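Asks: If you scroll down you'll find the structure; I have some questions about it.
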Amino acid sequence: MRSFGEPGEDGWRNMIVQGDNLQFLKTVFLNQDHLIKDKIKGKVKLVYIDPPFATESDFQSKDGVTSYSDKVESVEFLENLRERLIFLHDTLAEDGSIYLHLDQKMSHYLKVIMDDLFGKDKFINEIIWRRAYAHNDPSRCGIIHDTILFYSKSSNRIWNKIFQKPSQEYIEEFFDQYDAVRKERYNRLPLDAPRHGNGGNLIYEWKGMYPAQNRTWAFTKEKMAEFEKAGRIHYPKIGIARLKRFESEYEGTIIQDIWIDIRKIHNQSQELLDYPTQKPETLLERIIKASSNLGDLVLDVFAGSGTTAAVAEKLGRRWIMCDFGKHAIYTMQKRLLNIADSKALGNKKKDKKYGISPKPFCVISVGAYDFTRVMNLRKNKDAYISFILALFGIPREDKDFVSKYRLDGIYAEKDGDPVEIFPVWDDDYLYHVKVDQEYLKEIIIQSRGRIKGDFYIIVPETCTVISDMTLPNHAGDTVYFKLLKFPYKILEEIARNFDIEEQPDSPSNINNLVSSVGFYFNDEVVIKGRKENGGFRLTTFKTMIVNRGGKMYEGLDGLSLVLIDLDYDGKVFKLDK
């Protein structure tokens, strides 16, 4: 855990969570991890998520025909999101709300899923956000909007009235009068009201006028006199007097379900972080103000560039952000650390800064792992062994290592030392056995003193509770147990298709990083470089990451992304490029 600032009396720190958001949500559901126990489950007032739309290929083959594999991809996207929505529903407080940001290709499918999970009666709005004025889409209408589905946990939801400034067209149409004294446009409001009973002191003559028979004046005679003195009464040629409402006094209309007044981030904007899916702060400002209050907890598990966190911070809300990508994590970390220098909310002056340091926050990894969806590895045992050895750059040889070491589970050697592969294809091991000190002692007992020196174990990180460990064998020699751990995500990918996603090849391909197992596999790399004018040049790069063929990448082919802090202080990494 990396911490920035000391928590207050309540012990709360805002959180950036690095990891698979499904596993994080399962951890929240279990409510056991001490970092989050009783802090999140059922306490979130607002969820906003902007998941990768997964529609870059439109789920079609090159000739435009929808293929079976494309359908599978589409179904997997929907099912993966549905799983997360189930757990997000559980995180919400009873007066909480969720906003699901989508594009026009998937919103209809998700509307059906949301109706099922939250209930049709909990559907509040389909919000249309016009993100551009025009778009040149060949052979069809230009696509310029996103859809935001707004649901609540219960009928008792938080809702704060948010006023939307009118367009100039609205002002010109409805503020159709001009006051020469104030030099300002105004519209006209009724000065009369429906009559109740005998009307009391609200029935009187004003400037020779009486209200209609079934109506009264809306104000007392004394108040009318105040309006008259202030020049606030409009007298038409025909009809009853009306009250002037000046343009400067008009708050606007309560927000409607079509938002045309929030522009996407301009390429010259102070907000721009060079993050492909970044949303404007004004969009999140409206959502957070409408459906949460000061001090409330806001959650975003597809946090990306951290716009939700930045706006929640500026609005005095507590927040939790989750994302898998290193790029996203470091982008958010820097954005929060530098938030005092960012633009203030609700201020049209470009040079007006927020000016306040961030409240305490931390960057953590939290995850509970569920193996129930892993496919049957027993029948694919041989393919798994070959793949997992290649992942660590260990050659598979046609030798009987079990007989050599008199130990089950030895499938290779690394620099002449035995390599055990933890048998995840055995349900008992997968679900119940952990690599701990007793497990290592049992290996020594079974070997009858035959092993010494280095002993490697390739194991999913969730099947072990220890790190590298040194133990003596029966002869008094030392055994150095070295654990080659890998994330659950890799096991899940192997189980699905024994394949590994190719490395993304550009920063704009950021969403592909989410599905790139190799990118998240934390292995050592050998890297050398030299400074040059305007930057530095990589001269050496070696990695153990393997490609689809199970072979290690050569040269820079295994490199997907370089994160650079141009002014590193030796303590905190602040992503610049």
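Using this note's numbering, the letters of the sequence shown correspond one by one to residues -4 to 572.
By construction, the Cβ of each residue, glycine as well, lies at the ideal position given by its N, Cα and C atoms.
Here the structure is a predicted model, which is why all the values come from computation and not from measurement.
Mark Pro413 as exposed unless 16 or more other C-beta atoms lie within 10 angstroms of its C-beta, in which case mark it buried.
Replies: buried
Asks: What residue does the beta strand (DSSP E) around Ile416 start on, and which one ends it?
Replies: Asp412 to Ile416
Asks: Around the C-beta of Trp154, are 16 or more other C-beta atoms found within 10 angstroms, so that it is buried, or is it exposed?
Replies: exposed
Asks: What does DSSP give as the partner residue(s) for His140 in the beta ladder?
Replies: Partner(s): Arg125.
Asks: Where in the stretch 430 to 496 do unbroken runs of the beta strand (DSSP E), each at least 3 residues long, occur, reported from the N-terminal end onward?
Replies: 448 to 455, 464 to 467 and 473 to 481
Asks: What span of residues does the alpha helix (DSSP H) with His103 cover, start to end?
Replies: Ser102 to Phe113
Asks: Let me confirm a value: Phe531 is counted as buried when at least 16 other C-beta atoms fall within 10 Å, else exposed. Which label applies?
Replies: By the 10 Å Cβ count, Phe531 comes out exposed.
Asks: Tell me, to the nearest whole angstrom, how far the beta carbon of Thr535 is from that of Lys523; I am working on the premise that it is less than 8 Å.
Replies: 4 Å
Asks: Taking the straight line between their C-alpha atoms, what separation do you get for Ser64 and Arg8?
Replies: With a pLDDT of 44 at Ser64, under the threshold of 50, the modelled position of that residue is not reliable, and the figure given next carries that caveat. Straight-line Cα distance between these residues: approximately 44 Å.
Asks: Expressed to the nearest angstrom, what Euclidean distance is found between the alpha-carbon atoms of Leu425 and Pro455?
Replies: 9 Å
Asks: Report yes or no: is there a C-beta of chain C within less than 8 Å of the C-beta of Phe214?
Replies: In the structure shown, chain C does not exist; there is a single protein chain.
Asks: Mind checking which residues open and close the beta strand (DSSP E) that includes His582?
Replies: Examination of residue 582 is not possible in this model, given that the chain is present from -4 through 572 alone.
Asks: Helix, strand or coil: which one does DSSP assign to Lys264?
Replies: The question names Lys, but residue 264 in the sequence shown is Ser. Ser264: coil per DSSP, three-state reduction.
Asks: Between which two residues does the alpha helix (DSSP H) holding Leu332 run?
Replies: First-last of the alpha helix (DSSP H) with Leu332: Lys321 to Leu332.
Asks: Throw me the rounded Cβ distance for the Val39 and Gly91 pair, which I believe falls under 8 Å.
Replies: 6 Å
Asks: Can you look up Ala220 in the DSSP assignment and give me helix, strand or coil?
Replies: helix
Asks: For Tyr563, count neighbouring Cβ atoms within 10 angstroms of its own Cβ and tell me buried if that reaches 16, exposed if not.
Replies: exposed
Asks: For Gly350, which option in Val358, Ala339, Cys357 and Gly0 has the closest C-alpha, if you only look at C-alpha atoms?
Replies: Ranking the options by Cα distance to Gly350, first place goes to Ala339.
Asks: What residues in its chain sit with their C-beta under 7 Å from that of Ile81, if we drop five residues either side in the sequence?
Replies: A distance below 7 Å between beta-carbons, with the five flanking residues on each side excluded, links Ile81 to the following residues of its chain, in chain order: Leu112.
Asks: Only counting the same chain, and skipping five residues up and downstream in sequence, which positions put a Cβ closer than 8 Å to that of Ile215?
Replies: Ile is not the amino acid found at residue 215; the sequence shown has Thr there. So the qualifying residues of the chain are Asn196 and Leu197.
Asks: Please state whether DSSP places Leu41 in a helix, a strand or coil.
Replies: strand
Asks: Where do the ends of the beta strand (DSSP E) carrying Lys409 lie?
Replies: Ile405 to Lys409
Asks: Report the three-state DSSP secondary structure of Tyr349 (helix, strand or coil).
Replies: coil
Asks: Could you pull the start and end residues of the beta strand (DSSP E) that Lys523 belongs to?
Replies: Looking at the DSSP string, the run of the beta strand (DSSP E) that includes Lys523 is Val520 to Glu527.
Asks: May I ask you to report which of helix, strand or coil DSSP gives Ser(-2)?
Replies: strand
Asks: If you compare alpha carbons, which of Trp254, Gln13 and Glu89 is closest to Pro482?
Replies: Gln13
Asks: Look up Phe568 in the DSSP assignment and say whether it is helix, strand or coil.
Replies: coil
Asks: Less than 8 Å between the CB atoms is what I'm expecting for Glu179 and Glu242, so what's the real figure, rounded?
Replies: 6 Å
Asks: CB-CB under 7 Å to Arg445, same chain, minus the five flanking residues each way: which ones, in chain order?
Replies: Tyr400 and Arg401
Asks: Can you tell me whether His229 is helix, strand or coil according to DSSP?
Replies: strand
Asks: Out of Met204, Trp212, Val296 and Lys202, which has the shortest C-alpha to C-alpha gap to His191?
Replies: Trp212
Asks: Report the rounded CA-to-CA distance for Ala307 versus Ser149, giving the unit in angstroms.
Replies: Straight across, the Cα-Cα distance linking Ala307 with Ser149 is about 23 Å.
Asks: Measuring CB to CB, does Ile11 end up less than 8 Å from Val23?
Replies: no
Asks: Return the bridge partner residues of Phe118 from the DSSP annotation.
Replies: Tyr146.
Asks: I'd like to know whether the C-beta atoms of Ile283 and Gln159 end up nearer to each other than 8 Å.
Replies: One thing to note: Ile283 has its Cβ no nearer than 8 Å to the Cβ of Gln159.
Asks: Drop a sphere of 10 angstroms on the beta-carbon of Leu574, count the other beta-carbons inside from all chains shown, and report buried for 16 or more, exposed for fewer.
Replies: One cannot answer for residue 574 here, as it falls past the ends of the chain, which runs -4 to 572.
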